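FYI, the numbering for the sequence shown is 4 to 252, going by my numbering.
Beta carbons are placed, not taken as given, at the ideal position from N, Cα and C, and that holds for glycine.
Since this is a predicted model, take the numbers as computed values, not measurements.
To start, the structure itself, in structure tokens.
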Amino acid sequence: MTTTALITGANKGIGYETARQLAARGITVLVGARDAELGRAATEKLRAEGADARFVPLDVTDPESIAAAAEFIGKEFGKLDILVNNAAIAGVRDGDGKPSSTELDSLRNLFETNVFGVVAVTNALLPLLRRAEAARIVNVSSEVGSLTATMDPDGPMFRMAAIPYATSKTALNMVTAQYAKELWDTPIKVNAANPGYTATDLNHNSGFRTAAQGAEPSVHLATLPADGPSGVLWGYRWGAGEEYGQLAW
Ligand SMILES: NC(=O)c1ccc[n+]([C@@H]2O[C@H](COP(=O)([O-])OP(=O)(O)OC[C@H]3O[C@@H](n4cnc5c(N)ncnc54)[C@H](OP(=O)(O)O)[C@@H]3O)[C@@H](O)[C@H]2O)c1
């Protein structure tokens with residue numbers, strides 16, 4: 004039977020690499036993208052490499068687009084095994100970027116994609132995820148959203164102080180924990196991935212990890228065995244002396 008994975012924001016960056024790596028494991032990948040041209044081009048590229056890839060138009064801020072994607076997947080596959088909520092934006096920088104310069108419209112806009120979009124997509128697809136044998140939900144988060152990391156005076160996050168992106172990922176971490184609890188007594192596992200600082204358009208390619216490396220935590224969590232964890236933040240541990248592992252929320 005076909006194993007299917009929907010990856011949001013899969014036309015480039017970490018999402019594209021996640022689709023590529025899941026496809027290499029024989030999984031049918033549904034390439035979610037809000038721009039049809041970019042989505043189709045990415046899908047073609049994956050198919051040229053031998054992937055079983057299908058393009059799914061999906062803007063995570065558009066309820067009609069989400070409903071249409073869920074309907075398409077339901078009709079074509081009758082279930083969904085893996086959902087990777089990967090799409091996100093970094094947002095604009097208000098003033099000097101400090102908390103005291105934050106504009107509420109920027110904050111609302113960012114939460115619309117990075118938090119509300121995840122809840123909307125997850126809720127629309129949960130009926131199909133419940134129909135799979137043991138679905139996996141991966142929310143692509145960041146240690147930038149970890150309260151523990153941000154207040155560690157010896158850690159790399161301590162010198163950063165900006166509200167929108169960081170708080171959106173903190174909220175996403177809590178969203179992840181709440182879904183994990185709701186689904187605790189089911190075979191579905193819900194976890195948050197930390198890609199590590201990865202060179203993509205999100206940060207003008209300033210990261211020190213490749214997109215393929217950034218995708219590894221998402222792929223790991225998307226393919227967890229039955230005895231794997233649920234409700235954890237897992238991935239790259241910056242400066243922890245160990246490449247991958249569980250991170251403090
Ligand atoms: N790069 C890092 O260092 C890093 C570190 C930690 C976590 N992350 C997380 O990793 C994930 C992937 O980011 P990335 O670094 O690969 O960034 P990226 O290259 O900018 O890719 C972001 C993807 O999200 C899509 N997207 C944005 N808004 C969307 C919407 N409303 N509906 C559907 N798709 C939308 C983008 O589509 P368009 O091409 O149409 O804009 C693009 O495909 C994000 O959740 C990000 O927060 C990244």
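Next on the checklist: Under 8 angstroms, with one C-beta from each stretch per pair, do the region 51-63 and the region 6-26 reach the 3-pair mark?
Outcome noted: yes
Checklist entry - Exposed or buried, which one is Asn-142 when buried takes at least 16 other CB atoms within 10 Å? => result The sequence position of residue 142 within the sequence shown is 139, counting from 1. It is buried - the Cβ of Asn-142 has at least 16 other Cβ atoms within 10 Å.
Checklist entry - In terms of residues, what are the limits of the beta strand (DSSP E) holding Arg-139? => result Here residue 139 corresponds to residue number 136 of the sequence shown, with the count starting at 1. Its beta strand (DSSP E) spans residues 139-143.
Checklist entry - Can you name, in chain order, every residue of its own chain whose Cβ lies under 6 angstroms from the Cβ of Ala-195, other than the five neighbours on each side? => result Taking the first residue of the sequence shown as position 1, residue 195 is located at position 192. Cβ neighbours of Ala-195 beyond the five flanking positions: Asn-142, Ser-144, Asn-176, Thr-179 and Leu-236.
Item to check | Collapsed DSSP secondary structure at Asn-197 in the structure displayed | outcome: One-based indexing of the sequence shown puts residue 197 at position 194. Strand at Asn-197.
Item to check | Of the listed residues Glu-185, Pro-66 and Leu-250, nearest to Gly-3 (C-alpha basis) | outcome: Given that the chain is displayed from residue 4 to residue 252, the structure contains no residue 3 and the question cannot be resolved.
Item to check | Pair within 7 angstroms by beta-carbon distance, Leu-61 and Thr-11 | outcome: Walking along the sequence shown from the start, residue 61 turns up at place 58. Walking along the sequence shown from the start, residue 11 turns up at place 8. Between Leu-61 and Thr-11, the gap from beta carbon to beta carbon is short of 7 angstroms.
Item to check | Option nearest Pro-228 by Cα separation, candidates Ala-165, Phe-114, Ile-85 and Thr-21 | outcome: If you number the sequence shown from 1, residue 228 lands on position 225. Answer by Cα proximity: Ile-85.
Checklist entry - Taking Cβ to Cβ, would you say Ala-169 is nearer than 7 angstroms to Val-147? => result Walking along the sequence shown from the start, residue 169 turns up at place 166. Walking along the sequence shown from the start, residue 147 turns up at place 144. Going by C-beta atoms, Ala-169 is nearer than 7 angstroms to Val-147.
Next on the checklist: In chain order, what are the residue ranges of uninterrupted alpha helix (DSSP H) at least 4 long that sit wholly in the region 56-110?
Outcome noted: The qualifying runs are 66-80.
Checklist entry - Tell me, which residues are paired with Tyr-247 by DSSP? => result Numbered from 1 along the sequence shown, position 244 holds the residue referred to as residue 247. Tyr-239, per the DSSP bridge assignment.
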